[in-house]
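For the sequence shown, position 227 matches number 351 in the numbering used here, and the numbering has no gaps at all.
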Amino acid sequence: MVVPAGQRASGEWIDDTLRVRAEEKGLRSRTPLAGQFPRQRVEVVRGADPTAELNRLYRLRGWTDGLPIVPPTLGRLDEMIDHGALDRHAVLGEMEPLGGVASVEKIAANAVMAGCQPEHFPVVLAAVQAMLDPVFNMRGVQTTDENVAPLLIVNGPVARQLGLNASWGALGPGWTANATIGRAVRLIMNNLGGGWPGAVSFAGLGQPARYSLCVAEREDAPWPPLHVELGYRADQSTVTLMRAETVINVTGGLEELASVIGSAASLFGILHSGKAAVILSRRLAQEGWTRADVRRELFTRGHLSAETWRRSWIHATVRAVDWPEWACAAAESGAIPSVREPEDLTLIVAGADLPIPQHAYCPSWGHPPCRVTREIVLPAASRGTMAGP
125 MVVPAGQRAS GEWIDDTLRV RAEEKGLRSR TPLAGQFPRQ RVEVVRGADP TAELNRLYRL
185 RGWTDGLPIV PPTLGRLDEM IDHGALDRHA VLGEMEPLGG VASVEKIAAN AVMAGCQPEH
245 FPVVLAAVQA MLDPVFNMRG VQTTDENVAP LLIVNGPVAR QLGLNASWGA LGPGWTANAT
305 IGRAVRLIMN NLGGGWPGAV SFAGLGQPAR YSLCVAERED APWPPLHVEL GYRADQSTVT
365 LMRAETVINV TGGLEELASV IGSAASLFGI LHSGKAAVIL SRRLAQEGWT RADVRRELFT
425 RGHLSAETWR RSWIHATVRA VDWPEWACAA AESGAIPSVR EPEDLTLIVA GADLPIPQHA
485 YCPSWGHPPC RVTREIVLPA ASRGTMAGP
């Protein structure tokens, strides 16, 4: 097995830091074997049932998300890496906050563990490239006491080719690509960045999206898809990463959706002028609304009461001079929009066509404002089959 844990550029293993942090926080009972593994690239696991033994070891070392994993054997890694467009020794960057080197091989090991198929690997690589962008603020995402999770939005031909779900149950279980690509991102954050709960990650409650939050946009919406709006060609494939404070289901029309956006607006998002995500039913688009129409309506109607803002704990904690001018000016009129301007609402179309539309709202978190898109690059041998119409 290729060892999936992170090493800093200096050669130090981040698990040594994690072991100390876990001991300081009284968390060793969860990971009693933290830091106990061969300090080498490859480990041999033996036993009557080596897969069961590997799962036991990895769980006790803190290398899993609590669910069973697929053994990252050399053969599986070779196949995974062959489906990417980068050399196995290429380094994409260092994963915050503990600085594990994000090499293609280490990323592949965690993707195998998550259950990814080899053809999923280009999406995982693009997602990691997006996470490593300073705008994503990986250090903040990993260490905050809030419950933020990466939201992955896949657009373009690859989504269809990989069977990424954009329709019935798009945010739920049942689709291998959605579940495992999102899960791979979390394992990479934990094993290369050190995002262990209670030791480095101080999210007080967490959320199910911290297992996986990966969705594709429907291709049959009446308006252009997100990646085209962002300047990519329709025949390109992209993954867009945002920071989701939570996922809130909304049933109804624009009025109900705007009401929820206003009442559930993130105070952190307002403080940092963040970008929020809205996953829309296709029915709205079919009724003749354009993306700009919907965005404008949600921005105009989705306001938070200024009185609610003034009574909040964060208003009492943050200095008045640190609140953005646009929020303070809006508060004078009695209500604050959920975002600074309409374009800060990122709209995508997903989910099934139901008589009563269902949507989801993902309030933003943290700073700086974040919506990072990367092209999904396929190996030359795959481009003819993976990038079809």
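For every residue, glycine included, the Cβ atom is placed at its ideal position computed from N, Cα and C.
Values in this document were obtained by computation on a predicted structure and should not be read as measured data.
The DSSP assignment places 427-429, 459-461, 469-473, 482-486, 496-499 as complete runs of the beta strand (DSSP E) inside the segment 419-500, in order along the chain (cut-off: 3 residues). The segment 195-213 and the segment 227-247 touch, with three or more beta-carbon pairs separated by less than 8 Å. The beta carbons of Arg212 and Val228 sit closer together than 8 Å.
By the neighbour-count criterion, in which 16 or more other beta carbons inside 10 Å mark a residue as buried, Gln131 falls on the buried side. The closest CA to that of Asn373, considering only Ser291, Leu295, Leu391, is found on Leu295. Sequence-distant partners of Ser429 (beyond 5 residues in either direction) whose C-beta falls short of 7 Å from its own C-beta, in its chain, are Ala459. Note on Val309: 16 or more other CB atoms within 10 angstroms of its CB, so buried under the neighbour-count rule.
Using a Cβ distance threshold of 8 Å, Pro493 and Ser397 count as a contacting pair. Excluding the 5 residues flanking it on each side, Gly306 has same chain C-beta neighbours closer than 7 Å at Leu276, Ser336, Leu337, Cys338, in chain order. DSSP, reduced to helix, strand and coil, places Ile193 outside both helices and strands of the structure shown, so it counts as coil.
Scanning its chain for C-beta atoms nearer than 8 Å, with the 5 sequence neighbours on each side dropped, one finds around Trp292 the residues Gly475, Ala476, in chain order. According to DSSP, Arg367 shares a beta bridge with Pro274. Between the C-alpha atoms of Ala303 and Arg435 there is a straight-line separation of about 39 Å. Counting the other CB atoms within 10 Å of its CB gives Gln164 a total below 16, which places it among the exposed residues. Residues Ala146 of the same chain have their beta carbon placed closer than 6 Å to that of Arg152, with the five preceding and five following residues left out of the count. Out of Val496, Ile472, Thr268, the CA that lies nearest to the CA of Met366 is found in Val496. Counting only runs of at least 3 residues, the segment 319-365 fully encloses the following beta strand (DSSP E) elements, listed from N- to C-terminal order: 338-340. Boundaries of the alpha helix (DSSP H) around Ser387: 378-387. Between Ala323 and Leu184, the gap from beta carbon to beta carbon reaches 8 Å or more.
Going by C-alpha positions, Arg407 is about 9 Å away from Pro479.
Of Gly412, Glu218, Ala232, Arg415, the smallest CA-CA separation from Ser134 is found for Glu218. With contacts defined as CB atoms closer than 8 Å, Leu256 and Ala233 fail to qualify as a contacting pair. Linking Cys486 to Arg170 through their CA atoms gives a straight-line distance of about 45 Å. Secondary structure at Val169: coil, using DSSP grouped into helix, strand and coil. Shown here, Gly217 sits in a strand according to DSSP, grouped into three states. Per DSSP, reduced to three states, the secondary structure at Val402 is strand. Ranked by Cα distance from Pro332, the options Ala129, Pro297, Glu411, Leu216 are led by Pro297.
A straight line joining the alpha-carbon of Gly355 with that of Val473 spans about 18 Å. Counting along the chain, the unbroken alpha helix (DSSP H) around Asn315 starts and ends at 300-317.
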